[in-house]
Every structure is written in structure tokens, then in C-alpha cells.
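Data first, discussion second: the structure below is written as C-alpha cells.
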Amino acid sequence: MKWTQAFIPTLRQVPKDAEAASHQLALRTGLIRQLASGVYSYLPLGHRVLLKIIGIVREEMNRAGAAEILMPALHPAELWKKSGRYEALGEDKISFKNRAGHEFVLGPTHEEVVTELVGGSIQSHRDLPLLVYQIQNKFRDEARPRFGIIRTKEFIMKDAYSFDTDDAGLDRQYQNMSETYHRIFSRCGLTFQVVHADPGLMGGKMSQEFMVVCPYGEDRVAHSDTGYLASLDIAGRSQPPSSTPPAGAAPTEIFETPNLRTIEEISSRFKVPPGSMIKTILYMADGNPIAACVTGDSEINEAKLARLVGAGKLLQAEPHQIREATGAPVGFAGPVGLSVPVYADWDVLALTDAVTGANQADRHLKHVCAGRDFQPFKTGDIRFVKDGDVTPDGKGTIRLLTTMEIGHIFKLGTRYSESVGAAFLDDSGVRRPAIMGCYGIGVNRIMAAVMEEHHDEKGMKWPAALAPFDLELLSLNPAEPEVEQAAGKIYGELLGEGIDVLYDDRDERAGVKFKDAELLGIPFVLVVGGRSLKEGKVELKNRLTGTTEILEFPGIIGLLQERLKAASRAAS
RNA sequence: CGGGAUGUAGCACAGCCAGGUAGUGCGCUCGGUUCGGGACCGAGAGGUCGCAGGUUCGAAUCCUGCCAUCCCGACCA
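Residue 201 in our numbering sits at position 122 of the first sequence, with consecutive numbering throughout.
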């Protein structure tokens, strides 16, 4: 394709709204343009990259035995009510009513639709197992789109769903998808990690996330050099020893803290380190009030807390519920004398001289000692892990890494096959719900992740497998007829050989073309210029290695093909 | 949804505090000179200063409200 026909609006300066490297580069190289917050157009170069990614995904999914389908983006709201997820969709739902007054949801994911589809089409255990997938735009009204195409309201997802007769079948499909995902992300040139995620509270099913370490990700994982790796909702730590109060420790004492509610306010006003304060947060666990305590320098992890409590639904208490439970307004809760069950983090047990709320307006307690002044109902690990925590096996030191989730696989079980309906008759004639799994990949996120990983100060360095073109042909000074002719001839021959080439035929100065070529980051740039042309030579620049090779006529095309093949072999 | 910031030409910004004909750099158009690493000279085009209301003889500038976008956090089936 010729540059002058390609619609590649490169930018010299970085648009001020872009912060992440992938966002800046995607804008500067003319891959994307924003229409609204979290809503983007993909221009020819961006679209080509997406097609390359989709090509790899499709190839690997097909190889894995998955059958491609295409489901609608328009879902009757009724279907979501049937599965019970209509409410759970909440604010993220994008929906509208048609002229007949029927509500439709723009599909944020497709468990309901695929279960409806498959449920209506299978009858016997002989129809299973089944594995289907699609590549399609999803819609979620994200409260906060971020970092260009890393988190958008409309995004491209590959979603796959498996249906089996038993758990062993599900295990096989899950393993198959896990291996397929490894192949897909590797072929895309990504360095990734697989992290066990919160299995959720329904049935203890398994879930794993495929993560890329990246400063502009929106997840974090706990990692140690002893090989520990876990998402924060399940990341544990070793249990610290609890302390016993020193003999003759001071008794608790109430002190006045007018209008001082937060850890920071008390800490700075009374010079108490946050680590020796007890933060007490009230929750409603399946409708019953409970209190959770961590040290003032920690944050409660609600997933961990929910597991300790054994609660299905955990919500932060409303102000009136806090007042009922503690007898005080928000900001003065503490574990001492509290009538609701107290769930305390291990760290709290180590405090022998703590400050915490007195359960009275404008008052706190000091010299509080866990075990002496209050007895937790249960203790455990309920806070987010922090840098420096010790891994559960006691051997490693935890470091937090910022990561981007590019894929996830999940053993669903029968949640949707029961609620929406997908059942089969087993070999003894008993009607049973299919065992499901679901497997997602964020296609535009792969693009962003690759851009985060493969660039330098000059611009992109696309892995051969995803580059928008195999080769850029760059003619210096097209005003010289010999150069123009030679470049045109080479362009024609490359096209004839089926090489995907971008021909920079613009009437621009050499510097502009070189800079743009480096910015675009197509792996190979073939430079045709008057100087070397006189000696019957052209130059082949390798953007990835930064090296230049001189090629001589004739035989250029053949050599190029060798280089391109070698590059794509190296990538796969 | 809480906190912070920013909206002036395609992009990046100045002007606002101290109200008085809307500017700079890059890009763009035309002419000329250049031409292997983001050229130079000359002449141009391009803006309801985010929107609405108010104050004032007069508002990009002061006041009020709204909207949009970005960042931190909450959320993320």
C-alpha cells in the first residue's frame, strides 16, 4: 500500500491527554483516534494490527478444536433477568428500549446468550463436549476508562465457552484453553504470567488470569523471587506472632477527638503512627452487621474478608447501620465493647498499645490491647498484602507489581446452564445441566500490551507477527526519476511476491521519512536513495536490531524474502 | 461515584492575576531556493477562546451554573 493512499496521520508532538506509552504511541503513529472517553476508532494501521492479532487468535482457537460463531451484541434484558445478573450489571450496563418498549442490553459478555443458544440445540450427552468462540465488540459503561485502549467502554473480545457432561471434561477443556492462551500470547510477543485469581464464593471453582507486567496496568499482583505469584484477592502472607501485653501495661483511656474521624486526622493531630492504630470498618455480611479490624496502615481486602466470614454478600455498612451497630456516628468505631462479631487481621493481635474509636461521638480510646480489651470473634488474613510481607511459606518477600489482564479462564460449573437452561440426557437417561467454562481474551488489550512492551524512545518496534506491514519501502527524494522508478519497480515486485509492504511515496525530505519510519516501527525498512542506487545497491534497515544491511541488485527480492521469513520464524 | 487538574487553530502552548482589535511554535496552502536524518525565505488560510447565563460601555480575562477530557482512588459480571 502506498503511504499517500493509506491515511496514516502521524503526530510529532504527544497529545497532552495521553500518558501511557501505548496511548501516546498509538496516537502518534496514527493507529487510533478518540471519539469520546473510552471510545476509539482504529485507523488503517491500528486496524491491521488488530487483524493480525485476530488472525493468531483464530488460528490457535481453531487448532484447539473450537468452533467460531458470532452472537448478537443486542441482548433482550429478559435474558439477563433470567440468569439473575441483570441487577449485578448495575451501572456498567448500556441498554435502551426499542419502539415497542422492550429493553435491550448491549452485550458486556455472552454467558447468557451462549447458554440460551447451546441449551436450545443440545439434547444428549452425545452432543457434548462443545467448545465455541467468537470475536466481537463488547460494551460496558466503565466508570473510568483509562490509558487509551487499555480500558475502554467498547472493546474487542475473544470469548469462548465450553460445555461438558462432567468435571473431568471441563478440566480437559480448561487445560486445553490454558495451553492455547500460552501459545497465543507467546506468538504475539508478550511476556506474561499466569496468576491464580479469586475463585469466587460459588462452588470454589477455578480461575486464572493471564497478566502482563506493565506500569499502566490496572491490576496488581503479589510476586516474590522465590516464585510466589498471586492476585491480590488471594495473595496470602505468613502469620506473624501475636504479642502479649507487657506486665503493668496502661489500662485503656478515653480521649476527646472532636471531629477527627480518619486515621490520618488522628495520626497527625496526636502523633500516633497509623501502624499502631486499629481501623474498624462495619460491613453487612448477608444482611448481618460485622466489624473488620486492620492496622491503620493497611487496607481491608473484601474478598479475603468475605472468605473468613463465610459470607456470600459483603457490603460496607450505611451510616445508619453503623450508628445502630456502634452507637456512634461514622468515624468513631472500634472493637472494644462492640456487640457485633469482630473479625481481626493478624496484625491487630500484635498491638499492645493501640488507638482506636471509642464507639462514642468525638472520642477515641488509647492503650488498647488486643486480647485484653476485646476478643475478636475470628482472626485471619484480611488485609491487602504489602511490599515486604513474607510469603505464606515463610521463604520469600512479597513485591507488588502493576499488571494488565489480557486474558482469563474460568471454570463456571452449572451456574448458567441451570439458570438459563442448557441440559442434556446422560447415558442413563437422567437430565443434567451442562458443565461450563468460559475463556476471554482482550484483543485491543493485546495491542496495548504489545505496544507497552515493544518500543523505544524513537517509537514502536513491532514484533514481526503483529506489525501492520511486513516491510516499509522508503524512497528518498522521489523527485529524482531514477529513484522514483527503482522504488516503483521494487514496490511492484514485492506486491507480486505477496509481501505486505508500505511504500512511503510521499514528497517529504529524507529526515521526515526516516523519523516516521522509526516511529511506525515496521520491522524492516528498505531504503532506496540516489546515492547507493548509483552503485546498484539499496539498504535494509532492521528496526528491531538497529542494524543496516546493504543489498545489491539483482536478487534483492529473494534476499528480502529470506530476511522476512527468518524474522517471523524467530517470532514463533 | 469521591478527590485533583485541564479546556484558546489539526497538535503543543502563551495571553487571564491588573477587562480594551486573539498570539507563538509545529503542521497546512501558494511561490521560490533546497533535498540521504524532523530545511530555508516570502506570502497566506485557519479560532462562536468548551457551553449557558450574569457583571460591565466593553469579557478569552471577573462571577454563577453546566459540559467535556485526563490523572489518583472506589468499582470492574
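Even glycine gets a Cβ: it sits at the ideal position worked out from N, Cα and C. Note that the structure is a prediction, hence the values are computed from the model and not measured.
Contact annotation: residue 237 and residue 636 have beta-carbon atoms that are not nearer than 8 Å.
The beta carbon of residue 133 sits closer than 7 Å to those of 214 and 522, all from its chain and outside the five residues before and after it, given in chain order. Rounded to the nearest angstrom, the gap between the Cα atoms of residue 317 and residue 509 is 47 Å. The residue from 122, 526, 607 and 500 with its alpha-carbon nearest to that of residue 583 is 607. The beta carbons of residue 384 and residue 370 sit about 11 Å from each other, so the pair does not count as a contact at 8 Å. The segment 555-628 is shown to contain whole beta strand (DSSP E) runs of 3 or more residues at 580-583, 603-607 and 616-621, in chain order.
In this structure, 612 is the residue among 338, 612 and 101 with its C-alpha nearest to the C-alpha of residue 564. For residue 80, there is no enclosing alpha helix (DSSP H), as DSSP gives it neither H nor E. Where residue 252 is concerned, the enclosing alpha helix (DSSP H) starts and stops at 246-266. Looking at 121, 466 and 648, the one whose alpha-carbon comes closest to that of residue 301 is 466. In this structure residue 490 touches residue 253 by the C-beta definition: roughly 6 Å separates them, less than 8 Å. Between residue 516 and the set 535, 494 and 568, the nearest pair of CA atoms involves 494. Separation of residue 534 and residue 175 (C-alpha to C-alpha, rounded to the nearest whole angstrom) is 41 Å. Comparing alpha carbon positions, the residue from 505, 562, 492 and 99 closest to residue 615 is 562. Under the 8 Å Cβ criterion, the segment 163-172 does not count as touching the segment 126-144, having fewer than three qualifying pairs. Under DSSP, residue 296 shares a beta bridge with no residue. No Cβ-Cβ contact shorter than 8 Å links residue 105 with residue 295.
In the DSSP assignment, residue 123 falls within the unbroken alpha helix (DSSP H) covering 123-142.
Cα atoms of residue 307 and residue 298: separation of roughly 17 Å, rounded to the nearest angstrom.
Residues 291, 293, 296 and 528 of the same chain have their beta carbon placed closer than 6 Å to that of residue 483, with the five preceding and five following residues left out of the count. Between residue 153 and residue 185, the C-beta spacing is below 8 Å. Its chain contains 601 and 602 as the residues whose beta carbon lies nearer than 6 Å to that of residue 546, once the 5 sequence neighbours on both sides are disregarded; these appear in chain order. Counting C-beta atoms within 10 angstroms of its own C-beta, residue 470 has 16 or more neighbours from the protein chains shown and is therefore classed as buried. The alpha-carbon of residue 388 is positioned some 22 Å away from that of residue 320. Annotation: residue 482 is outside any alpha helix (DSSP H); the continuous beta strand (DSSP E) that includes it extends over 478-492. The DSSP assignment places complete alpha helix (DSSP H) segments of no fewer than 4 residues inside the segment 335-385 at 342-349, in order along the chain.
In this structure residue 304 is exposed. Its beta-carbon is surrounded by fewer than 16 other beta-carbon atoms within 10 angstroms.
Annotation for residue 237: no alpha helix (DSSP H) segment contains it, though the beta strand (DSSP E) segment containing it runs 233-243. For residue 190, the uninterrupted alpha helix (DSSP H) run begins and ends at 190-198, by DSSP. Taken through DSSP and simplified to helix, strand or coil, residue 147 comes out as strand. At a Cβ-Cβ threshold of 8 Å, residue 499 and residue 195 count as neighbours. For residue 326, no alpha helix (DSSP H) run applies, since DSSP gives it neither H nor E. Burial check for residue 286: the Cβ neighbour count within 10 Å reaches 16 or more, so the residue is buried. Pairing residue 333 with residue 358 gives a Cβ-Cβ distance that is not under 8 Å. Distances from the CA of residue 448 to each of 477, 234, 428 and 386 were compared; the closest alpha carbon is that of 428.
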